[in-house]
Amino acid sequence: MMLGPIGFAAPWLLLALAALPILWLILRAVPPAPIRRRFPGVALLLGLTDDDTVTDRTPWWLLLLRMLAVAAVIVGLAGPVLNPRADGEAASRLPLLIVTDASWANARDWNAQVAVMDGLLAEAGRDGRAAAIMELSDPEAPVFRAAETWRSGLPGLTPAPWPPTPETLEAAAEMLDDDGFETRWFSDGLAHDGRDALLEALEARGPVTVHESARSVMALRPAQLSDGLVDLTALRAAPGGTREITVNAHGLDPAGIPRVLASLPMTFEEDATEATGALSLPPELRARVTRFEIAGETQAGAVTLTDDGLKRREVALIAGREDREGLELLSPLHYLEQALVPTADLLDGALMDVLPANPDVIVLADVATLSGAEQAALLEWAEKGGLLLRFAGPRVAASDVSRSEEAPLMPVRLRAGGRTVGGAMSWGEPKSLAPFPDGSPFQGLDIPGDVTVSAQVMAQPDPTLADRVIAQLSDGTPLVTRKRIGAGQVVLFHVTANAEWSSLPLSGLFVQMLERLAVSSAMAPPDMAELEGTTWQPVEVLDGFGRLDDAGTRPGVAGEDLLEASLGPDLLPGLYDGPERRMARNVMTQEAPLTPMTWPARIPVEGLARAPEMPLGGWLLATALVLLTADILASLALSGRLWPARAAAMLLVALSLSAPQQAQAQESDARAIEATSEVVLAHVITGNTDVDDAARAGLRGLGRMLTFRTSIEPDPPISVNLETDELAFYPILYWPITPDQPTPSAEAYVKLNDYLRSGGMIVFDTRDADVAGFGASSPNGARLQRLAAPLDIPPLEPVPEDHVLTRTFYLLSDFPGRHTGRSVWVEAAPPDAERIEGMPFRNLNDGVTPVVIGGNDWASAWAVNERGDPLFPVGRGYAGERQRELSYRFGVNLVMHVLTGNYKSDQVHVPALLDRLGQ
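Residue numbers for the sequence shown, in numbering that gives the first Met the number 0: 0 to 918.
Here you go:
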């Protein structure tokens, strides 16, 4: 029932308002007037006063006060709600399915979308309707359960930095049950292939309503460098009126502080969907830019990251002899300058003069001998990541550099003199180039047939020579060799930089080889031939809101996928390091369109400006209490009995309205005291009552075993809500995994990471060792991967045989629970952890593994009731009881490990320590 903007959950209670006039008449009624009789004794009472007086008629204002109090109670009990859904929306009593694209385009109005979702779930909860949520960017089969459960998980719902793909939309359609439900689809406003088929599948199961922002989606294409200018292109999905935007260039200032380094105003003309602009930046400033971003757009599509393709590298060119006048084509640097001028900033000067400028590349063309100071300075520069590119020539061939022993700034040892082929005094023909070997930065480049070599410096045979050759001639002699120096490298072309010894500098292959070596910045992404067989490691990745986060331990990406594969959970937009360069994978590509979604006319489309619901029942009942309190005070005042003590008592009644908050604070303090007064084991609330009860019973049983067998006497276990409870009180958190438990919010993940970094331990138990192996081969395993992705978890390994968990209290070789056979994973030992000769265990540090991951369902094996009887069967007969005993022993070892660290590892080194001290 609706009265204006207010609806009522129990409108039939409003019929009681009809009784208010009757109540008014009853309160106004007075006894019949008395018969007057003269009584002489009345004269004796004249002049006396009565402290207690009673009026013969209730004042009208007091009656009105009472009527208002009764009316407030009646209306409050009727369940009034401000801004409820319309009557048409109430027609559906089917379960509610909330579908969201959950893509980067949703992020611009994410808070508004979540607010509408919360209102829909609140309505479903009042109607007793089950609900489910499906994210199309990474769909899972919808699980219908109480709407309030989903409401608590809304803070953990975040948009992904990739759009739905035809594969994910098809998978989502296949996951739908045949039962009917109502669908509310929160669209990102963009057209995606495969959406129509999913829409038909949803319509076949019930009504569909679309919620979509009225704001047009905007995005930014990757920046390009053209003639020294940074070209930027902004897109909007739907045409509209003239609109001005600002694109900011973000980066680090010289002090390393993130700042907006430059801004570029851009204008969308009327009915235009594209705006372009060019930004002029000095090379030094351009090298500091890390990303371009449309101001005010908090989504990943409005961000374009920069990589080596945008930065013009600074290259210093140094020759071993001066150019001969009138013979420019014979200059050692002529062809290098022609190849590098379009894509790099060239530096001229002496070696010691250009080194303070910290160029990206230094080219030494036929420079043989370096002074001690020059060599030391070059080594220091190269070790910090510089690329030293050397070319041979007559001077190098005639010198004794790198002859008897390898020079620090040469990749190989050289033979004396040189080799000449194809000349008048030689026996052979000029040599052509052999195909580039696997692993070479030049792999995949086409070799023109007219590229030949007539002279070269020869490399001395050496055990390391084969690993350092990245290009060779057809007869197998090295043409280009390379050696790593710290974070940098030195590369030697065994021919001259001009055309004296080969025709290589005259070909386009020469330019391509320089680009592959990252001497010049590549103006276009690398082709498939260059990326094939390579692995690119993510350095930083974007989230859906366009924020750049550290990639952590995410696995590498195949080069072929990095260039052409669709973005998804395994390929996030961000910065990736490859063998020779850094490349950015942005949300938008140069060719990607931004097409708005056009929904069929039969589908109702609503915006996000939905007024939030506000229950008014509590406010009306509180108002009724205040009015009744005022009525009591007024009645006492009219009768002359409003004494100070009574007034104070009434004041205390009014103040008691705030008691729930105080009680809540006291309850919170009591919980903190309870958790810190003794050791307390805790488990994470999953939302599944059976699993949570089993986890609590399991920790109860483990606590009893600790009390009986060790000096630890834990208090009863506590259930922990990750969203509201403090985690620092608990040394260990047992987290059973269910396939449908809600994802914690960003704030909860912050608390979890702080907990792990401060020494806490989380035991993840997928409880599926009886049906699956480790990993994502089961729904529980897949859910664990998603839940643990935002956590700061170190590299893991199966528990090694010498891990301290195998001997903290009991000597164990297996860690069964209700199930057996699953490997248990802990923090991997440091790479330098070695076993000392004669010692049975490795020298491990004193840290405690922050996570333990397994699937043996330990809580069910530990679980006991209040009398101490096991709640779940384990195995059969004696073997089963033995398995339960080993499970208890593992639990004891686990708690002792988290409380005492790796002290057992330290004890085994006592003999070695005494021997070193000479005792």
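Every residue gets a Cβ at the ideal spot worked out from N, C-alpha and C, and that includes glycine. None of these values were measured; they are calculated from a predicted model.
- Judged by DSSP secondary structure, residue 73 falls within the alpha helix (DSSP H) whose first and last residues are 59 to 76.
- The alpha-carbon separation between residue 437 and residue 115 amounts to approximately 56 Å.
- Relative to the Cα of residue 73, the nearest Cα in the group 825, 622, 769 and 798 belongs to 622.
- Within the same chain, 861 and 890 come within 6 Å of residue 701 by CB-CB distance, once the 5 residues on both sides are set aside.
- Contact annotation: residue 580 and residue 306 have beta-carbon atoms nearer than 9 Å.
- For the alpha helix (DSSP H) assignment, the uninterrupted runs of no fewer than 4 residues enclosed by the segment 148 to 210 are, from N- to C-terminal side, 165 to 174 and 194 to 202.
- Counting every other CB atom within 10 Å of its CB across the protein chains shown gives residue 509 a total of 16 or more, marking it as buried.
- Secondary structure at residue 441: coil, using DSSP grouped into helix, strand and coil.
- Below 8 Å, too few C-beta pairs join the segment 537 to 557 and the segment 274 to 282 to call them touching: fewer than three.
- Going by C-alpha positions, residue 118 is about 58 Å away from residue 385.
- The continuous stretches of alpha helix (DSSP H) do not include residue 586, and DSSP gives it neither H nor E.
- Between the segment 592 to 604 and the segment 61 to 70, the count of Cβ pairs shorter than 8 Å is below three; the stretches do not touch.
- Assigned with DSSP and collapsed to three states, residue 359 falls in coil, not helix or strand.
- Ranked by Cα distance from residue 58, the first of 76, 23, 70 and 46 is 23.
- Sequence-distant partners of residue 573 (beyond 5 residues in either direction) whose C-beta falls short of 6 Å from its own C-beta, in its chain, are 537, 539, 540 and 541.
- The Cβ neighbour count for residue 756, taken over all protein chains shown within 10 Å, is under 16; the residue is labelled exposed.
- Under a 10 Å Cβ-count criterion, residue 127 is classified as exposed, with fewer than 16 other Cβ atoms of the shown protein chains found around its own Cβ.
- Counting C-beta pairs with one atom in each stretch, the segment 331 to 341 and the segment 349 to 358 have fewer than three that are closer than 8 Å, which means they do not touch.
- Counting every other CB atom within 10 Å of its CB across the protein chains shown gives residue 11 a total below 16, marking it as exposed.
- The beta carbon of residue 820 sits closer than 6 Å to those of 768, all from its chain and outside the five residues before and after it, given in chain order.
- By the Cβ criterion, the segment 198 to 208 is not in contact with the segment 614 to 634, since fewer than three pairs of Cβ atoms, one from each stretch, lie closer than 8 Å.
- Per DSSP, reduced to three states, the secondary structure at residue 223 is strand.
- Taking a C-beta distance under 9 Å as the contact criterion, residue 294 and residue 245 qualify as a contact pair.
- A residue is called buried once 16 or more other Cβ atoms fall within 10 Å of its Cβ, and residue 729 is buried on that count.
- Closest in alpha carbon position to residue 393, among 409, 497 and 472, is 497.
- Shown here, residue 459 sits in coil according to DSSP, grouped into three states, outside any helix or strand.
- Put simply, of 309, 296, 274 and 302 the residue whose alpha carbon is nearest the alpha carbon of residue 286 is 309.
- Rounded to the nearest whole angstrom, the CA to CA distance from residue 759 to residue 697 is 19 Å.
- DSSP places residue 859 in the uninterrupted alpha helix (DSSP H) bounded by 857 to 861.
- For residue 243, the enclosing beta strand (DSSP E) starts and ends at 242 to 251.
- For residue 266, the enclosing beta strand (DSSP E) has its first and last residue at 257 to 267.
- With a cutoff of 9 Å on beta-carbon distance, residue 208 and residue 736 are scored as not near each other.
- Counting other Cβ atoms within 10 Å of its Cβ, residue 484 reaches 16 or more and is therefore classed as buried.
- CA-CA distance, residue 264 to residue 220, rounds to 16 Å.
- The alpha-carbon separation between residue 799 and residue 885 amounts to approximately 18 Å.
- For residue 853, the uninterrupted beta strand (DSSP E) segment begins and ends at 850 to 853.
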